[in-house]
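Heads up: the sequence shown begins at 12 in this note's numbering, then just goes up one per residue. Heads up, the beta-carbon is just placed ideally off N, CA and C, and yes, glycines get one too. So the structure is just underneath, and the comments pick up after that.
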Amino acid sequence: MDKKTVINVIQRFKKALEKRGIKEIKIILFGSWSKGNYHEESDIDLIVLSNYFSGKSFWERTEILSSAILEVFEPIEAIAMTFEEWEKGDSPIISYAGSGEIIQ
12 MDKKTVINVI QRFKKALEKR GIKEIKIILF GSWSKGNYHE ESDIDLIVLS
62 NYFSGKSFWE RTEILSSAIL EVFEPIEAIA MTFEEWEKGD SPIISYAGSG
112 EIIQ
């Protein structure tokens, strides 16, 4: 897989999320694909930002993301957050993903 293919996978994933009623999505690519040190078997690490996740538990968010990942059937590891959670910066993943690449 190359970077162009990864971007295509992310766009398909975003469409799968939109089909589930999630709007105003911002996706941040982080990890090996954003840093350029990926290899053939690297997964695609994503933060999915949307206020749709407000009031939803970790498990509800995981279920939503998992169903979209299953639809695109690609090696995606995704974490759901609201824009407020991202801006607060309380999660340790934010310090790692903060230097990621925003994918529109």
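Report the partner residues of D54 according to the DSSP bridge assignment. The beta-bridge partner set that DSSP reports for D54 is empty.
Rounding to the nearest angstrom, what Cα-Cα distance links I114 and E35 in this structure? In a straight line, the C-alpha of I114 is about 13 Å away from that of E35.
So who's on the other strand from F41, going by DSSP bridges? For F41, which the question treats as bridged, DSSP gives the partners D56.
Which residue's Cα is closest to the Cα of K37: I75, K25 and S68? Here the closest residue by C-alpha is K25.
Whose C-beta lies closer than 6 Å to the C-beta of N48 among residues of the same chain, with five residues either side of it excluded? Residues of the same chain with their beta carbon placed closer than 6 Å to that of N48 are lacking, with the five preceding and five following residues left out of the count.
What three-state label does DSSP hand I33 in the structure shown? In the structure shown, I33 sits in coil (DSSP, three-state: anything other than H, G, I, E or B).
Under the rule that 16 or more other beta-carbon atoms within 10 Å means buried, what is L76, buried or exposed? Buried: at least 16 other Cβ atoms inside 10 Å.
Nearest CA to the CA of I90: which residue from K99, I18 and I80? Here the closest residue by C-alpha is I80.
Length-filtered (4 minimum) alpha helix (DSSP H) runs lying within the region 62 to 104: Those alpha helix (DSSP H) runs which fall completely within the region 62 to 104 and span 4+ residues are 69 to 83 and 94 to 99.
Measuring alpha carbon to alpha carbon, tell me which residue in Y107, L40 and S45 is nearest V59. Answer by Cα proximity: L40.
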